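**Student:** Quick one: this structure, given as C-alpha cells, is what I'll be asking you about.
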Amino acid sequence: MKPAADRLAQLLGHFLPGPLPVRIRAWDGSQTGPDDAPLVTLRAPEALRRLLWQPGELGLAEAYVTGDLDVEGDLAGALSRAGRSVRDRPSARPGPAGMAAATTLAVRLGAVGPPPRRPDGRARLTGGLHSVSRDRAGISHHYDLSNDFYALLLDESMAYSCAYWTRPDDPAYTLADAQRDKFELICRKLALGPGDRLLDVGCGWGSLTLHAAREHKVRVTAVTLSRAQHDYVTERAAREGLTDLVDVQLRHWRDIDTGGHDAASAVEMGEHVGDAEYPAFAAKLHQALRPEGRLLIQQMSRGAHAPGGGAFIETYIAPDMHMRPVGRTVDVLEAAGLEVRSVESLREHYTATIDAWRSNLEQRWSTVEDRVGRTTARVWRLYLAGASLAFSERRMGVDQILAVRPTREGASAMPPTPADWYAS
C-alpha cells in the first residue's frame with residue numbers, strides 16, 4: 000500500500016499544483032515534500048476530516064489546537080513560508096474527474112466520516128450584534144479568561160496593547176520599559192497635568208489609568224465591561240494609594256458620563272465597538288471632552304484589501320471584532336466634530352510586542368497549560384504567531400490617532416510642533 004504521506008501529496012496536488020509548500024509527516028511515519036520546508040505532522044486522519052467539515056482557515060486552526068496537526072520549530076516562521084508559497088501560485092479547481100479522484104483518495108485516507116468533535120473555547124454569543132449583553136459576553140470571553148494567565152503572558156504592568164519600543168537594540172531594554180514609554184507618550188500627547196480629568200474607555204487592567212494617576216496626578220475615570228478587570232484595577236489602585244484619583248466603573252461605553260473631561264483615551268478598545276456603532280462611539284467621546292480637550296485613540300487597523308481578524312480569531316479570541324483602514328476611522332472621528340491632529344503608525348512596534356508575548360508564552364508553557372489547559376494554550380500559541388505575521392506582513396496595522404475638540408471659534412490649544420511629545 001502506498002504510504003499515507005504520498006497519498007496526501009497526491010490529494011493536495013488536485014487543489015494546489017506544483018511542489019508542496021511544506022514537508023508532510025503522516026500518522027504512519029511516512030514523509031514527503033521539500034527537505035528544507037517546514038515540517039507539518041498529521042497525527043491522525045481526523046486532521047483531514049476537520050478540513051472536510053470546516054474548509055479553510057478555521058479547519059486548519061482547529062486541527063492544530065486539538066493536536067491532530069502540529070508544526071515543528073517556529074510556528075510563525077512556518078506559517079509565513081507556507082503562506083508565501085501558497086499566495087505565489089494560483090490554486091486549482093479540479094474538474095469532475097479530478098474531484099472524483101480526490102474523493103477516492105480522501106476515502107482511502109480516512110478523511111470521510113462523521114464530523115469530529117469541535118475543540119473547547121469557541122465563543123458562544125447570543126443576542127443582537129453589539130447589544131450591551133452581547134458586548135459584555137464578548138469582552139468576558141476574551142478578557143476574563145484568567146488574570147493569572149494574562150500575568151504569565153504580559154509584563155508586570157499588565158498592559159495588553161502595543162508597546163512603544165524607543166530602544167529596541169538595547170539588550171537591557173525590556174517589554175516593561177517599552178510599555179512604560181507608551182504610557183508616557185500617550186500622556187504627553189494628551190498634555191496631562193495635575194488635577195486634569197481623564198476618561199479611559201476600555202481601561203484593561205489599568206496600566207494607563209494608574210500611570211496617569213501615579214506619574215501625572217491625573218483624576219481618572221476608568222471604564223471597562225470586564226468584571227475581572229474592574230476588580231483587578233480597583234484593588235491595584237487601593238494597593239498603590241491611588242483611590243482618591245482613580246474611579247473604576249463597570250459599564251458599557253454607551254453609558255459613560257459625558258462632559259467636562261480634559262482628555263479621553265481608548266487604547267485598543269475601538270475594535271470591539273462595531274462598524275455601525277462607531278459613529279455613535281465617536282460622538283460620545285466628543286461629548287465627553289471640554290472644548291480644547293484631547294482624545295488619544297490607539298487602534299488596530301487593516302489593510303485596504305485585507306480581511307482583518309479572520310475566522311479563527313473571531314471564533315476563538317475576539318468575537319464581533321471589527322477593523323477598518325485607518326483613514327476611515329479618521330473620517331468618522333472628524334464627522335463627529337473632532338479635529339484629527341496626528342496619526343502615528345506603530346505597526347512594527349506591535350510585531351516586537353507580540354513576539355515578546357510569544358516568548359513569555361513559550362518560556363512559561365507548562366505553567367500556562369496548568370492554568371488554562373492544553374487546548375487554550377495552543378489556541379493562544381497559534382493566535383500570537385498569526386498576529387505577529389499579520390503586522391509584520393502589513394495585513395494589519397495599529398495607529399495612535401490624536402484628536403481635539405475645537406472651540407466654536409476653532410481654537411485647539413495644540414502646540415506648534417510635537418517636539419515635546421518625544422523629549423527624552
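Numbering that gives the first Met the number 0 applies: residue 0 is where the sequence shown begins, and numbers increase by one.
Glycine included, every Cβ here is placed at the ideal spot set by N, Cα and C.
On a predicted model such as this, the values are computed, not experimentally measured, just so you know.
(1) Are the beta-carbon atoms belonging to Gln297 and Gln228 less than 8 Å from one another?
(2) Could you say which of Leu10, Leu244, Leu11, Arg289 lies nearest to Ala217 if we only look at CA atoms?
(3) Is it buried or exposed, Lys188, if we count other Cβ atoms within 10 angstroms and call 16 or more buried?
(4) Which partner residues does Val371 have in the DSSP bridge list?
(5) Within the same chain, show all residues whose beta-carbon is closer than 8 Å to that of Gly127, passing over the 5 residues directly before and after it, in chain order.
(6) List the whole-angstrom C-beta distance separating Trp356 from Leu381, where the pair is believed to meet the contact cut-off of C-beta under 8 Å.
(7) Give me the Cα-Cα distance between His210 and Leu288, rounded to the nearest whole angstrom.
(8) Starting from the N-terminal side, write out each stretch of the alpha helix (DSSP H) that is 4 residues or longer and does not extend beyond the stretch 23–52.
(9) Would Ile312 count as contacting chain D if we go by Cβ distances under 8 Å?
(10) DSSP puts His260 in a beta bridge; with which residues?
(11) Evaluate the contact criterion for the stretch 273–292 versus the stretch 383–397: three or more CB pairs, one atom per stretch, below 8 Å.
(12) Measure the CB-CB distance between Val329 and Trp252 and report whether it falls below 8 Å.
(13) Taking 8 Å as the cut-off, does the stretch 353–367 touch the stretch 45–65 (at least 3 CB pairs, one atom from each stretch)?
(14) Count the CB pairs spanning the stretch 273–282 and the stretch 311–323 that are closer than 8 Å, and state whether there are at least three.
(15) Let me know if Pro95 comes out buried or exposed under the rule of 16 or more other beta-carbons within 10 Å of its beta-carbon.
(16) Ignore the nearest five residues each way along the sequence and tell me which others in Ala335's own chain have a CB closer than 7 Å to its CB.
(17) Assuming Val64 and Val378 form a contact by the criterion Cβ under 8 Å, report the distance between their Cβ atoms to the nearest whole angstrom.
(18) Could you give the first and the last residue of the continuous beta strand (DSSP E) run that contains Arg363?
(19) Give every residue of the same chain whose Cβ lies closer than 8 Å to the Cβ of Glu270, excluding the five residues on either side of it in the sequence, and list them in chain order.
(20) Decide if the stretch 67–84 is in contact with the stretch 25–38; the criterion is three or more beta carbon pairs, one per stretch, under 8 Å apart.
(21) Whose CA, out of His215, Phe14, Asp261, Lys181, lies closest to the CA of Glu343?
**Tutor:** Let's see:
(1) Cβ distance not < 8 Å, so Gln297 and Gln228 don't count as in contact.
(2) The amino acid at residue 217 is misidentified as Ala; the sequence shows Val. Per the Cα distances, Leu244.
(3) Around the CB of Lys188, 16 or more other CB atoms lie within 10 Å, so the residue is classed as buried.
(4) BP columns for Val371 are empty, so no partner.
(5) Arg133
(6) Not really, about 13 Å apart at Cβ, beyond 8 Å.
(7) 20 Å
(8) 45–52
(9) The chain inventory of the structure shown lacks chain D, comprising one protein chain alone.
(10) Leu288
(11) no
(12) no
(13) no
(14) yes
(15) exposed
(16) Pro278, Ala281, Ala282, His285
(17) 5 Å
(18) Run containing Arg363: none; DSSP gives neither H nor E here.
(19) Gln298, Met299, Ala317, Met320, His321, Met322
(20) yes
(21) Lys181
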